[in-house]
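Protein chains in written order, with this note's numbering: chain Y, 1 to 219; chain H, 220 to 593; chain S, 594 to 744.
Please read the structure below before turning to the comments.
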Amino acid sequence: MDLVDFARGPALKVAFVIFFIGVLWRLVNVLLLRHKRNLSEPRRSVGASVWGGLKAMGSRSWPHPEFIKRTITGEALGYSYHIGLFIVILLFAPHIIFFGSFIGIRWPALPNSVVTIFAVITVTLFVAVLFRRLAHPVLRRLSNFDDFFSWFVVALLLVSGLMATAHVGAPYPTILGLHILSFDLLLIWYPFGKLMHAFYIFPTRAVDGYLLTRKGAPS
Amino acid sequence: MARPELEPTIGELLDRQGVSRRSFVKYCTAMASLLALPPHAARAMAEQLRAARRPSVIYLSFQECTGCLESLTRSFAPTIENLIFNVVSLDYDDTLMAAAGSQAEAAREQAMRANYGKYLLVVDGAVPTGDGGVYHCAAGRTGLDILTDCAKGAAAIVCVGTCASFGGLPFADPNPTGARAISTLVPGKPVVNVSGCPPIPEVIAGTLLQYVTSGRVPDLDEHLRPTVFFGNSIHDRCYRRPFYDQGKFAKTFDDEGARNGWCLYELGCKGPTTYNACATIKWNNAVSFPIQSGHPCLGCAEPNFWDRGSFYSPIPSPRWGKAGEVSPVQAAAIAAGAAVAGAAIGVGSVLLGRRRIARHQQEPKSPSGKGNEE
Amino acid sequence: MTTLAQIPVCVEPVPVSHEEGTVGGGIGAILAEIAELLERLARTGEPGAIDLRSLPLSPADRAQLLQALGTGEVDARMQVNGESRIRETAVHGVWWTEHRDSSGELLATLIEVARVPDILIVGEDDLLRGASRLRASLTLQSAAQGESPHG
Numbered sequence: 001m002d003l004v005d006f007a008r009g010p011a012l013k014v015a016f017v018i019f020f021i022g023v024l025w026r027l028v029n030v031l032l033l034r035h036k037r038n039l040s041e042p043r044r045s046v047g048a049s050v051w052g053g054l055k056a057m058g059s060r061s062w063p064h065p066e067f068i069k070r071t072i073t074g075e076a077l078g079y080s081y082h083i084g085l086f087i088v089i090l091l092f093a094p095h096i097i098f099f100g101s102f103i104g105i106r107w108p109a110l111p112n113s114v115v116t117i118f119a120v121i122t123v124t125l126f127v128a129v130l131f132r133r134l135a136h137p138v139l140r141r142l143s144n145f146d147d148f149f150s151w152f153v154v155a156l157l158l159v160s161g162l163m164a165t166a167h168v169g170a171p172y173p174t175i176l177g178l179h180i181l182s183f184d185l186l187l188i189w190y191p192f193g194k195l196m197h198a199f200y201i202f203p204t205r206a207v208d209g210y211l212l213t214r215k216g217a218p219s
Numbered sequence: 220m221a222r223p224e225l226e227p228t229i230g231e232l233l234d235r236q237g238v239s240r241r242s243f244v245k246y247c248t249a250m251a252s253l254l255a256l257p258p259h260a261a262r263a264m265a266e267q268l269r270a271a272r273r274p275s276v277i278y279l280s281f282q283e284c285t286g287c288l289e290s291l292t293r294s295f296a297p298t299i300e301n302l303i304f305n306v307v308s309l310d311y312d313d314t315l316m317a318a319a320g321s322q323a324e325a326a327r328e329q330a331m332r333a334n335y336g337k338y339l340l341v342v343d344g345a346v347p348t349g350d351g352g353v354y355h356c357a358a359g360r361t362g363l364d365i366l367t368d369c370a371k372g373a374a375a376i377v378c379v380g381t382c383a384s385f386g387g388l389p390f391a392d393p394n395p396t397g398a399r400a401i402s403t404l405v406p407g408k409p410v411v412n413v414s415g416c417p418p419i420p421e422v423i424a425g426t427l428l429q430y431v432t433s434g435r436v437p438d439l440d441e442h443l444r445p446t447v448f449f450g451n452s453i454h455d456r457c458y459r460r461p462f463y464d465q466g467k468f469a470k471t472f473d474d475e476g477a478r479n480g481w482c483l484y485e486l487g488c489k490g491p492t493t494y495n496a497c498a499t500i501k502w503n504n505a506v507s508f509p510i511q512s513g514h515p516c517l518g519c520a521e522p523n524f525w526d527r528g529s530f531y532s533p534i535p536s537p538r539w540g541k542a543g544e545v546s547p548v549q550a551a552a553i554a555a556g557a558a559v560a561g562a563a564i565g566v567g568s569v570l571l572g573r574r575r576i577a578r579h580q581q582e583p584k585s586p587s588g589k590g591n592e593e
Numbered sequence: 594m595t596t597l598a599q600i601p602v603c604v605e606p607v608p609v610s611h612e613e614g615t616v617g618g619g620i621g622a623i624l625a626e627i628a629e630l631l632e633r634l635a636r637t638g639e640p641g642a643i644d645l646r647s648l649p650l651s652p653a654d655r656a657q658l659l660q661a662l663g664t665g666e667v668d669a670r671m672q673v674n675g676e677s678r679i680r681e682t683a684v685h686g687v688w689w690t691e692h693r694d695s696s697g698e699l700l701a702t703l704i705e706v707a708r709v710p711d712i713l714i715v716g717e718d719d720l721l722r723g724a725s726r727l728r729a730s731l732t733l734q735s736a737a738q739g740e741s742p743h744g
């Protein structure tokens, strides 16, 4: 069995299983957290509070006007590379075949040259994000192994993907194998590190917004 | 027998036949073009080839379908008769030779004795090693025995076809005969793999010709294939490549994309992971090759091509288990199973945590215990 | 769609790309290389050649290239294991050479840059072989004459 067949065969299967076990484990853990009993009198109706929760998902994703000068760099960088990642992951023809084979449908792709341009921009932004994390005095103190390893796993995937497209470093099948292996690594690491934010981010904002509205605070 | 001393050079042979210089230069020009050598190399090749002596070639066939030899006989440049009469001295090939039985074996032994250490061994087919090698026997000997014997005095071994190069079909799972690639059975011998099912005839002939011309094994890739022919992937040299880059794909064999000649990647084309010369040399004297005829590349020149899932499942498809491509139902079942397991572990860990907190709260022994939530 | 005939067919021409290594590579680059080979021939006397098989040219590209080079003064045909045609183009010293096998299939197409393409020149061995053949026929003739003096 060569590298590609290993990466997209047994390694992918194991990674897939670990991913689902891990994600469910962590979701259940958070869902079953005991909340402090809410002793305050409900100020708003349940309906208004749910709406407040939904609003919080949007409003917390946007820079707060008061702090915009201080946060704009991080926000802009973060938004840009996330958009880049979504384009590269979801609109590249081979990726559509890959993800499509799990769910049984395929969707239109962007031309490879366009995807390649986005991938290069995303890698550049990724490097910028790392340097910012290292240079920023507060960010640096807040960062731990998790931050750097999660960055590394995604960067590995991006770089190996670009290398496969550009045919550099090694024969295409070898790089393709490494690319898929780095995806397997991402799947395995996903539930255990900060990549899990993709599952947490919106529900936690919604719950926060709901509770605050219920207590009468603006969400 | 004093044959080696008397063997004339190829040039002398051609002179005797009255072959003109022009004819020879034309032949070498065509060959150089085919071998993708720079045009000025044709003259050097002509000189080298005229000065070379025809090497003795012993051609052995094991677990194979004779498709490779069928392919070789359809070579346009050099033609098969040109190759076996002018370029090499084919001293044993049980399919092509007139002799049979003990006379054929005697011819082989005589050629091996006379050219010990200098003859070229060409092998076609994998060799079964299971159960003492009984699955291939000829002239009362096992294939393994014949190969070991013939390999001893060979200057180099050229494996023709995917079976000889990588095991091919006999090697495919579950490999009941214990078939193995030739390179794993002849330790220490220089091996050249000319893979393909079958290989392109000009690639087989060209590899032999290149060996005769240069007198040494050519540059090889990591699978021991001559880089001259196997240096580029089908995808890289494919005339449909621009459609791949533009994201124009045929989705089925009878849709508009297929009829417009778009890229066959989504129909399972293995061009990107297959290294061979089909897209440049093509077949039947450059008439066409599979992709030009509207069919995806099967990847027949690569190891284990038979065991890599369906020919029609695209390269990025996940491959789980022997059946190949994963179905959405299967994926959902595995995901659901893993999710249930994950949920169970999650609930279990939460319950354990709550028990621990409860115990902690029941025994308020240390004043510093903060009774942390969760 | 109901029948095959209802599927619209339009075979798209392979798009021209000027990136290196892709199909349809520019004619301009080849012409520039020929010019360079001509200058080298004039300077050092070293002939050059371009093998068209190694270039990913469509038949249309080939025709365009031939048209760009034009038709010159010499057009030689050689009957050697099939026909070969060696044409000088309108650019002196640039030859369009096509080798075919005995069944007329194209074996190689070259653009040669030389005073005279090498293949047209008679080899030393062939000269001597020709001379000895004439000598042999002469001695045969005189021997025949000597044998039958009575006619």
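Glycine residues also receive a C-beta, built at the ideal position from the N, C-alpha and C atoms.
In this text the structure is predicted, and so the values were computed from the model without any measurement.
Non-local C-beta neighbours of V23/Y in its own chain, meaning closer than 8 Å and more than five positions away in sequence, comprise Y190, P191, M196, F199, ordered along the chain. Per the coordinates, the alpha-carbon of G518/H lies some 46 Å from the alpha-carbon of G716/S. With the criterion set as a beta carbon lying under 9 Å from some beta carbon of chain Y, the members of the segment 450 to 465 of chain H are S452, H454, D455, Y463, D464, Q465, in sequence order. With its beta carbon less than 8 Å from one in chain S, T248/H belongs to the interface. Between S252/H and R678/S, the C-beta spacing is not below 8 Å. Taking 8 Å as the threshold, the shortest C-beta distance from I643/S to chain H falls below it.
Burial state of I103/Y is exposed, judged by a 10 Å Cβ sphere holding fewer than 16 other Cβ atoms. Under DSSP, E698/S forms no beta bridge with any residue.
S101/Y reaches chain H at S536, P537, E544, V545, counting residues in chain order whose Cβ is nearer than 7 Å.
Taking the Cα of V431/H as reference, the smallest distance to any Cα among R235/H, G572/H, L232/H, A271/H is reached at A271/H. Pairing G387/H with F524/H, the inter-Cα distance amounts to about 8 Å.
Within the DSSP secondary-structure output, N412/H pairs in a beta bridge with C378/H. Annotation: L186/Y has no Cβ neighbours in chain H at a cutoff of 7 Å; minimum Cβ distance is about 15 Å. For the set N495/H, D440/H, I553/H, the Cα lying nearest the Cα of V422/H is the one of N495/H. Neighbours of A701/S in chain H, taken as residues whose beta carbon is under 7 Å from its own, are T248, A249, S252 in chain order. As computed with DSSP, G641/S is found in a beta bridge with V706/S. By alpha-carbon distance to R670/S, the top candidate from L302/H, L340/H, K245/H, L279/H is K245/H.
Put simply, the segment 50 to 70 of chain Y does not touch the segment 136 to 151 of chain Y. Fewer than three CB pairs are less than 8 Å apart. Annotation: S150/Y is outside any beta strand (DSSP E); the continuous alpha helix (DSSP H) that includes it extends over 145 to 166.
Taking the CA atoms as reference points, A557/H sits about 16 Å from D184/Y. A557, A558, A560, G561, A562, I564, G565, V566, S568, V569: these are the residues of the segment 555 to 576 of chain H whose beta carbon lies less than 7 Å from some beta carbon of chain Y, given in chain order. Bounds of any beta strand (DSSP E) do not take in V447/H; it lies within the alpha helix (DSSP H) bounded by 446 to 449. DSSP, read as helix, strand or coil, puts R399/H in strand.
Residue pairing for L428/H: DSSP places it in no beta bridge. No Cβ-Cβ contact shorter than 8 Å links G84/Y with L110/Y.
When L648/S, L658/S, P640/S are compared, the shortest CA-CA separation from L624/S is found for L658/S.
Among the residues of chain H, those whose CB is under 7 Å from the CB of P601/S are E475, following chain order.
Contact of S113/Y with chain H is assigned, a C-beta pair being separated by under 8 Å. The closest CA to that of I105/Y, considering only V377/H, G351/H, K470/H, is found on K470/H. In the DSSP assignment, the residues bridged to E681/S are W688/S.
Using a Cβ-Cβ cut-off of 8 Å, Y172/Y counts as an interface residue toward chain H, since at least one Cβ of chain H sits closer than that to its own. Chain-ordered, the chain S residues with CB closer than 7 Å to the CB of K245/H read V673, N674, S677, H692, I712. By the neighbour-count criterion, in which a residue is buried when 16 or more other Cβ atoms sit within 10 angstroms of its Cβ, Q734/S is exposed. Chain Y has no Cβ within less than 8 Å of the Cβ of F448/H.
A Cβ-Cβ separation of about 6 Å places V566/H in contact with V28/Y under the 8 Å criterion.
Of all residues in the segment 706 to 737 of chain S, only D711, I712, G716, D718, D719 place a beta-carbon less than 7 Å from a beta-carbon of chain H.
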